[in-house]
Amino acid sequence: MTRALFIIDVQNDFTEGGALGVEGGAAVAAGITELLERHRGEYDLVVASRDWHSGDDDNGGHFAVDAEPDFVETWPEHCVAGTPGAEYHPDLDTSSVDVHIRKGQGVPAYSIFEGTDDSGASMAELLVSHGITDVDLVGIATDYCVRASTLDAVEHGQHVRVFTDLVAGVAAETSEAALAELGHAGAVITESTVLDEAAQ
Ligand SMILES: [Zn+2]
345 MTRALFIIDV
355 QNDFTEGGAL
365 GVEGGAAVAA
375 GITELLERHR
385 GEYDLVVASR
395 DWHSGDDDNG
405 GHFAVDAEPD
415 FVETWPEHCV
425 AGTPGAEYHP
435 DLDTSSVDVH
445 IRKGQGVPAY
455 SIFEGTDDSG
465 ASMAELLVSH
475 GITDVDLVGI
485 ATDYCVRAST
495 LDAVEHGQHV
505 RVFTDLVAGV
515 AAETSEAALA
525 ELGHAGAVIT
535 ESTVLDEAAQ
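Straight run, no breaks: the sequence shown in the numbering used here ends on number 544.
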């Protein structure tokens with residue numbers, strides 16, 4: 345087994361006080377840092393993604409420009425490349441992150457598989473080059489980017505776990521629906537405490 349941790353979009357704009365802040369986002373950032381303190385050694389690769397939009401257009405209709413955002417397909421302006429809102433939340437310790445993925449440059453991009461690392465490698469290529477077989481997923485938002493990234497990881501043949509204590513969603517109802525969908529798709533929906541149980 346070669347295991348990766350995917351940390352999805354733990355950015356200032358997706359946490360409390362951000363342009364598209366979700367409740368519980370800051371706690372997720374701190375919780376992931378704690379997970380890394382205790383279990384970093386169990387991961388062969390730690391990957392973190394950031395939504396990284398263009399600031400001078402609507403990113404393919406992703407930003408609501410002349411209308412109110414519907415919070416399904418159109419959103420308030422968020423995570424513009426190079427702005428504080430696009431940075432990782434300060435409570436997330438990124439010092440042990442191996443690969444940084446950026447996505448959404450000029451387009452809507454919910455899944456980490458739609459992005460590339462600093463050298464232009466896609467997530468699919470990185471899974472192959474690192475021989476990854478298992479992926480644990482945490483981050484924001486449960487009902488959008490965590491959902492899309494999990495479905496793609498399953499699609500790429502990974503054994504996937506989603507830690508429900510380390511995700512936060514836009515809305516309770518859609519987050520619950522997303523977790524149910526991910527379970528049906530083949531992901532294991534569990535909590536990060538399984539890492540402690542495995543260590544005993
Ligand atoms: Zn976005």
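Ideal Cβ positions, reconstructed from N, Cα and C, are used throughout, including at glycine.
Flag H433 as yes when its Cβ comes closer than 8 Å to any non-hydrogen atom of ligand 1, and as no otherwise.
-> no
Evaluate contact between the region 512-528 and the region 471-478, counting only Cβ atoms and requiring at least three cross-stretch pairs below 8 Å.
-> no
Measure the CB-CB distance between G375 and S536 and report whether it falls below 9 Å.
-> yes
Of all the options V482, L470, D437 and D414, which has the alpha carbon lying nearest to the alpha carbon of D353?
-> V482
Of the choices S519, P452, S466 and A363, whose alpha-carbon is the least far from that of V443?
-> S466
Within its chain, find whatever has a CB closer than 8 Å to the CB of D435; leave out the 5 residues flanking it on each side and keep chain order.
-> A370, A373, A374 and T377
From this set, H500, G501, L495 and T486, which residue's C-alpha is nearest F507's C-alpha?
-> T486
CB of P452 to nearest heavy atom of ligand 1: below 8 Å?
-> yes
8 Å Cβ shell around L523 - same chain, five flanking residues per side excluded | T486, V506, T508 and I533
For T359, does the count of other Cβ atoms within 10 angstroms reach 16, so buried, or fall short, so exposed?
-> buried
Compare the C-beta of G399 with all C-beta atoms of chain D and state if any pair is closer than 9 Å.
-> Although the question refers to chain D, the structure presented lacks it and comprises just one protein chain.
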